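To start, the structure itself, in C-alpha coordinates.
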Amino acid sequence: MSNSIFITGATGTTASQLLKHLATLGVKVKAGVRDIKKAETLASEYVVPVHIDYTLPSSIENALRGVKQLFMLTPFTDESVTMGKRIVDAAKKAGVQYIVKLSAAGADAEPGITLVRWHREVEKYIEASGIPYTHLRPNSFMQNFINFFPPQNDVIYLPLGEGKVSWVDVRDIAAVAAHVLTHSGHAGKAYTITGPEALSVNEVSKILSKATGKSISYTDVPEEAARKAMIEMQMPNWAIDGLLELHAINKAGYAAEISNVTRDMTGKDPIGFEQFAKDNAARF
(Lines of atoms letter the chains of each structure in order from A; the text may use other names.)
(Lines give C-alpha, C1' and ligand atoms only; values in the text may rest on other atoms or scores of the structure.)
Protein backbone atom coordinates (compact mmCIF):
# COMPACT_ATOMS: atom_id res chain seq x y z
CA MET A 0 0.00 0.00 0.00
CA SER A 1 1.11 3.57 -0.58
CA ASN A 2 1.81 5.99 2.27
CA SER A 3 -1.55 7.72 1.83
CA ILE A 4 -2.20 8.19 5.57
CA PHE A 5 -0.43 10.91 7.55
CA ILE A 6 -0.24 10.76 11.35
CA THR A 7 0.44 14.00 13.24
CA GLY A 8 1.96 13.98 16.72
CA ALA A 9 3.51 10.63 15.85
CA THR A 10 5.75 10.38 18.92
CA GLY A 11 2.90 11.08 21.34
CA THR A 12 1.02 8.63 23.55
CA THR A 13 -1.97 8.07 21.28
CA ALA A 14 -0.38 8.37 17.85
CA SER A 15 2.46 6.01 18.70
CA GLN A 16 -0.13 3.35 19.56
CA LEU A 17 -1.98 4.11 16.32
CA LEU A 18 1.22 3.47 14.36
CA LYS A 19 1.46 0.04 16.00
CA HIS A 20 -2.16 -0.81 15.16
CA LEU A 21 -1.80 0.24 11.53
CA ALA A 22 1.46 -1.71 11.20
CA THR A 23 -0.29 -4.89 12.36
CA LEU A 24 -2.80 -4.28 9.59
CA GLY A 25 0.01 -3.89 7.06
CA VAL A 26 -0.83 -0.23 6.47
CA LYS A 27 2.07 2.04 5.53
CA VAL A 28 1.92 5.63 6.77
CA LYS A 29 3.79 8.89 6.94
CA ALA A 30 4.48 10.04 10.49
CA GLY A 31 4.88 13.73 11.24
CA VAL A 32 7.66 14.64 13.67
CA ARG A 33 8.69 18.09 14.87
CA ASP A 34 12.01 16.85 16.26
CA ILE A 35 13.92 15.22 13.42
CA LYS A 36 16.14 13.45 15.99
CA LYS A 37 13.13 11.33 16.99
CA ALA A 38 12.53 10.26 13.40
CA GLU A 39 15.05 7.43 13.59
CA THR A 40 13.11 5.69 16.35
CA LEU A 41 9.94 5.70 14.21
CA ALA A 42 11.30 4.55 10.87
CA SER A 43 10.24 1.04 9.90
CA GLU A 44 8.85 -1.02 7.07
CA TYR A 45 5.48 0.62 7.66
CA VAL A 46 6.42 4.10 8.88
CA VAL A 47 8.12 6.88 6.93
CA PRO A 48 9.00 9.78 9.29
CA VAL A 49 8.44 13.25 7.84
CA HIS A 50 9.69 16.46 9.45
CA ILE A 51 6.91 18.98 9.94
CA ASP A 52 6.89 22.47 11.47
CA TYR A 53 3.36 23.34 12.59
CA THR A 54 4.24 27.04 12.76
CA LEU A 55 4.91 27.14 9.00
CA PRO A 56 1.98 26.61 6.61
CA SER A 57 4.40 25.73 3.80
CA SER A 58 6.01 22.98 5.90
CA ILE A 59 2.62 21.46 6.71
CA GLU A 60 1.46 21.62 3.10
CA ASN A 61 4.66 20.02 1.82
CA ALA A 62 4.40 17.23 4.40
CA LEU A 63 0.79 16.52 3.41
CA ARG A 64 1.31 16.54 -0.33
CA GLY A 65 0.12 13.25 -1.83
CA VAL A 66 -1.66 12.27 1.38
CA LYS A 67 -5.29 11.12 1.18
CA GLN A 68 -6.12 10.68 4.87
CA LEU A 69 -4.97 12.71 7.87
CA PHE A 70 -5.07 11.68 11.52
CA MET A 71 -4.98 15.06 13.19
CA LEU A 72 -4.07 15.95 16.73
CA THR A 73 -2.55 19.13 18.06
CA PRO A 74 -0.13 19.64 20.96
CA PHE A 75 -1.29 20.80 24.40
CA THR A 76 -0.78 24.52 23.87
CA ASP A 77 -2.76 27.74 23.99
CA GLU A 78 -2.07 27.99 20.26
CA SER A 79 -3.91 24.73 19.53
CA VAL A 80 -6.83 26.41 17.73
CA THR A 81 -4.57 28.50 15.51
CA MET A 82 -2.40 25.47 14.85
CA GLY A 83 -5.41 23.28 14.12
CA LYS A 84 -6.84 25.73 11.61
CA ARG A 85 -3.42 26.05 9.97
CA ILE A 86 -3.28 22.27 9.53
CA VAL A 87 -6.77 22.19 8.00
CA ASP A 88 -5.90 24.98 5.56
CA ALA A 89 -2.74 23.15 4.52
CA ALA A 90 -4.65 19.88 4.18
CA LYS A 91 -7.14 21.52 1.86
CA LYS A 92 -4.38 22.98 -0.32
CA ALA A 93 -2.57 19.63 -0.40
CA GLY A 94 -5.69 17.81 -1.53
CA VAL A 95 -6.29 15.71 1.60
CA GLN A 96 -9.58 13.83 1.19
CA TYR A 97 -10.40 12.81 4.77
CA ILE A 98 -9.53 14.09 8.25
CA VAL A 99 -9.85 12.07 11.46
CA LYS A 100 -9.63 14.62 14.27
CA LEU A 101 -8.62 13.56 17.77
CA SER A 102 -10.87 15.74 19.89
CA ALA A 103 -12.18 15.31 23.43
CA ALA A 104 -15.27 13.98 25.17
CA GLY A 105 -17.83 16.72 25.68
CA ALA A 106 -16.68 18.78 22.71
CA ASP A 107 -20.31 19.24 21.70
CA ALA A 108 -21.38 20.47 25.15
CA GLU A 109 -22.55 24.07 25.45
CA PRO A 110 -21.02 26.29 26.63
CA GLY A 111 -18.33 23.74 27.49
CA ILE A 112 -15.03 24.18 29.29
CA THR A 113 -12.11 26.03 27.73
CA LEU A 114 -9.80 23.17 26.72
CA VAL A 115 -12.66 21.18 25.21
CA ARG A 116 -14.22 24.25 23.61
CA TRP A 117 -10.96 24.74 21.71
CA HIS A 118 -11.38 21.27 20.26
CA ARG A 119 -14.91 22.10 19.14
CA GLU A 120 -13.71 25.27 17.43
CA VAL A 121 -11.30 23.22 15.33
CA GLU A 122 -13.99 20.60 14.70
CA LYS A 123 -16.26 23.30 13.29
CA TYR A 124 -13.44 24.62 11.12
CA ILE A 125 -12.92 21.15 9.67
CA GLU A 126 -16.65 20.80 9.03
CA ALA A 127 -16.70 24.13 7.20
CA SER A 128 -13.66 23.18 5.08
CA GLY A 129 -15.63 20.75 2.95
CA ILE A 130 -13.18 17.94 3.65
CA PRO A 131 -14.92 14.72 4.81
CA TYR A 132 -14.18 14.14 8.48
CA THR A 133 -14.69 12.02 11.58
CA HIS A 134 -14.27 13.39 15.11
CA LEU A 135 -12.97 11.06 17.82
CA ARG A 136 -13.84 12.29 21.32
CA PRO A 137 -12.06 10.23 23.98
CA ASN A 138 -12.52 10.67 27.70
CA SER A 139 -9.55 11.23 30.04
CA PHE A 140 -6.72 8.75 29.48
CA MET A 141 -5.75 5.97 31.89
CA GLN A 142 -2.18 6.76 30.86
CA ASN A 143 -2.51 10.16 32.57
CA PHE A 144 -1.80 8.31 35.82
CA ILE A 145 1.62 7.52 34.35
CA ASN A 146 2.42 10.65 32.35
CA PHE A 147 0.73 13.57 34.12
CA PHE A 148 -0.32 12.74 37.68
CA PRO A 149 1.55 9.61 38.78
CA PRO A 150 1.57 8.62 42.46
CA GLN A 151 4.05 10.61 44.54
CA ASN A 152 5.48 8.35 47.25
CA ASP A 153 2.52 6.04 46.55
CA VAL A 154 -0.06 8.82 46.89
CA ILE A 155 -2.18 10.21 44.04
CA TYR A 156 -2.93 13.91 44.57
CA LEU A 157 -5.88 15.26 42.56
CA PRO A 158 -8.80 17.66 43.16
CA LEU A 159 -11.43 15.18 41.96
CA GLY A 160 -13.26 14.27 45.16
CA GLU A 161 -15.26 11.11 44.54
CA GLY A 162 -16.16 12.07 40.98
CA LYS A 163 -16.26 9.08 38.66
CA VAL A 164 -14.62 9.13 35.21
CA SER A 165 -14.89 6.52 32.45
CA TRP A 166 -11.11 6.53 31.95
CA VAL A 167 -10.04 5.18 28.55
CA ASP A 168 -6.86 3.35 27.58
CA VAL A 169 -5.11 5.04 24.65
CA ARG A 170 -4.71 1.61 23.07
CA ASP A 171 -8.48 1.57 22.56
CA ILE A 172 -8.44 5.08 21.10
CA ALA A 173 -5.77 3.92 18.66
CA ALA A 174 -7.76 0.80 17.78
CA VAL A 175 -10.85 2.89 16.99
CA ALA A 176 -8.79 5.37 14.98
CA ALA A 177 -7.19 2.55 12.99
CA HIS A 178 -10.65 1.13 12.22
CA VAL A 179 -12.00 4.50 11.09
CA LEU A 180 -8.97 5.09 8.85
CA THR A 181 -9.28 1.69 7.19
CA HIS A 182 -13.06 1.31 6.88
CA SER A 183 -15.63 3.44 5.09
CA GLY A 184 -18.91 4.71 6.49
CA HIS A 185 -17.67 7.02 9.22
CA ALA A 186 -17.53 10.37 7.41
CA GLY A 187 -19.53 13.15 9.04
CA LYS A 188 -19.73 11.35 12.38
CA ALA A 189 -18.42 11.97 15.90
CA TYR A 190 -17.64 9.17 18.34
CA THR A 191 -17.21 9.42 22.11
CA ILE A 192 -14.68 6.82 23.29
CA THR A 193 -14.65 5.68 26.91
CA GLY A 194 -13.53 2.82 29.07
CA PRO A 195 -15.94 0.10 30.22
CA GLU A 196 -16.57 1.57 33.68
CA ALA A 197 -16.59 4.87 35.55
CA LEU A 198 -14.20 4.98 38.49
CA SER A 199 -13.29 7.49 41.18
CA VAL A 200 -9.60 8.12 41.83
CA ASN A 201 -10.05 6.36 45.17
CA GLU A 202 -11.18 3.26 43.26
CA VAL A 203 -8.28 3.70 40.84
CA SER A 204 -5.80 3.77 43.73
CA LYS A 205 -7.14 0.45 45.04
CA ILE A 206 -6.82 -1.16 41.61
CA LEU A 207 -3.24 0.11 41.28
CA SER A 208 -2.44 -1.19 44.77
CA LYS A 209 -3.64 -4.66 43.85
CA ALA A 210 -1.71 -4.70 40.57
CA THR A 211 1.56 -3.39 41.99
CA GLY A 212 1.58 -4.92 45.45
CA LYS A 213 2.10 -1.43 46.84
CA SER A 214 -0.20 0.54 49.13
CA ILE A 215 -1.25 3.34 46.79
CA SER A 216 -3.70 5.85 48.22
CA TYR A 217 -5.58 8.93 47.04
CA THR A 218 -5.63 12.39 48.60
CA ASP A 219 -8.37 14.75 47.48
CA VAL A 220 -6.64 18.11 47.07
CA PRO A 221 -8.54 21.41 47.49
CA GLU A 222 -8.64 23.40 44.26
CA GLU A 223 -6.52 26.26 45.58
CA ALA A 224 -3.86 23.84 46.80
CA ALA A 225 -3.85 22.24 43.36
CA ARG A 226 -3.48 25.68 41.77
CA LYS A 227 -0.57 26.50 44.06
CA ALA A 228 1.15 23.22 43.19
CA MET A 229 0.79 23.88 39.45
CA ILE A 230 2.13 27.41 39.88
CA GLU A 231 5.15 25.97 41.68
CA MET A 232 5.60 23.63 38.70
CA GLN A 233 5.75 26.79 36.56
CA MET A 234 2.79 25.78 34.45
CA PRO A 235 1.35 28.65 32.35
CA ASN A 236 -1.83 30.30 33.63
CA TRP A 237 -3.93 29.11 30.68
CA ALA A 238 -3.02 25.49 31.43
CA ILE A 239 -3.68 25.85 35.16
CA ASP A 240 -7.10 27.42 34.61
CA GLY A 241 -8.00 24.91 31.91
CA LEU A 242 -6.96 21.84 33.91
CA LEU A 243 -8.73 23.00 37.07
CA GLU A 244 -11.87 23.57 35.01
CA LEU A 245 -11.55 20.03 33.62
CA HIS A 246 -10.97 18.59 37.10
CA ALA A 247 -14.09 20.39 38.37
CA ILE A 248 -16.19 18.84 35.60
CA ASN A 249 -14.81 15.41 36.42
CA LYS A 250 -15.38 15.94 40.15
CA ALA A 251 -19.02 16.81 39.45
CA GLY A 252 -19.52 13.50 37.65
CA TYR A 253 -19.96 14.85 34.12
CA ALA A 254 -17.30 12.47 32.75
CA ALA A 255 -18.93 9.23 33.86
CA GLU A 256 -20.70 8.45 30.58
CA ILE A 257 -19.92 5.03 29.11
CA SER A 258 -20.07 4.40 25.37
CA ASN A 259 -19.99 1.22 23.29
CA VAL A 260 -17.86 2.71 20.51
CA THR A 261 -14.77 0.54 21.07
CA ARG A 262 -16.79 -2.67 21.07
CA ASP A 263 -18.87 -1.58 18.07
CA MET A 264 -15.78 -0.63 16.05
CA THR A 265 -13.32 -3.35 16.98
CA GLY A 266 -15.53 -6.22 18.11
CA LYS A 267 -13.56 -6.33 21.36
CA ASP A 268 -14.43 -5.13 24.85
CA PRO A 269 -12.62 -1.94 25.87
CA ILE A 270 -9.63 -2.32 28.17
CA GLY A 271 -10.61 -2.00 31.83
CA PHE A 272 -8.54 -0.25 34.46
CA GLU A 273 -7.55 -3.56 36.06
CA GLN A 274 -5.99 -4.73 32.79
CA PHE A 275 -4.29 -1.36 32.29
CA ALA A 276 -2.87 -1.57 35.81
CA LYS A 277 -1.57 -5.12 35.27
CA ASP A 278 0.01 -4.20 31.94
CA ASN A 279 1.74 -1.15 33.42
CA ALA A 280 2.42 -2.27 36.99
CA ALA A 281 6.17 -1.83 36.60
CA ARG A 282 5.67 1.85 35.75
CA PHE A 283 4.15 2.58 39.14
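For the sequence shown, numbering that gives the first Met the number 0 assigns the number 0 to the initial residue and increments by one for each residue that follows. Virtual Cβ for every residue (Gly too), placed ideally from N, Cα, C. No experiment lies behind these values; they were computed from the predicted model shown.
Checking the DSSP bridge columns, you'll see F5 partnered with K29, L69. Exclusion of the five residues before and after K37 leaves T10 as the residues of its chain whose Cβ lies within less than 7 Å of its Cβ. Of all C-beta pairs linking the stretch 132 to 141 to the stretch 219 to 227, fewer than three are shorter than 8 Å, placing the two stretches out of contact. In the displayed model, F140 falls within a strand according to three-state DSSP. Straight-line spacing of the CA atoms in K250 and K92 works out to 43 Å.
Taking the Cβ atoms as the reference, A106 lies roughly 6 Å from E122, within the contact range of under 8 Å. Three or more Cβ pairs closer than 8 Å define a contact, and the stretch 171 to 182 meets that threshold against the stretch 261 to 279. Per DSSP, the unbroken beta strand (DSSP E) holding T218 starts and ends at 216 to 219.
Distance from V49 to G31 at the Cβ level is roughly 6 Å; contact confirmed, criterion being Cβ atoms closer than 8 Å. The beta carbons of K163 and A255 sit closer together than 7 Å.
Excluding five sequence positions before and after G83, the CB atoms of its chain that fall closer than 6 Å to its own CB belong to T73, V121, given in chain order. By DSSP's assignment, Y253 forms no beta bridge with any residue.
With distances taken between CA atoms, E60 lies nearest to G94 out of G94, F75, V28. The stretch 199 to 207 makes no contact with the stretch 227 to 246; the number of CB pairs closer than 8 Å stays below 3. Beyond the five residues adjoining it in sequence on each side, T133 comes within less than 6 Å, by CB distance, of V99, V179, H185, K188 in the same chain, given in chain order. In the three-state scheme derived from DSSP, where H, G and I count as helix and E and B as strand, A108 is classed as coil. In the structure shown, V164 adopts extended strand secondary structure according to DSSP, grouped into three states.
Counting along the chain, L101 sits inside no alpha helix (DSSP H); it lies in the beta strand (DSSP E) bounded by residues 97 to 101. Note that the C-beta distance between I112 and I270 is not below 7 Å. 7 Å or more divides the Cβ of L198 from the Cβ of A276.
In the structure shown, L24 adopts coil according to DSSP, grouped into three states. L17 has its alpha-carbon roughly 20 Å from the corresponding atom of Q96.
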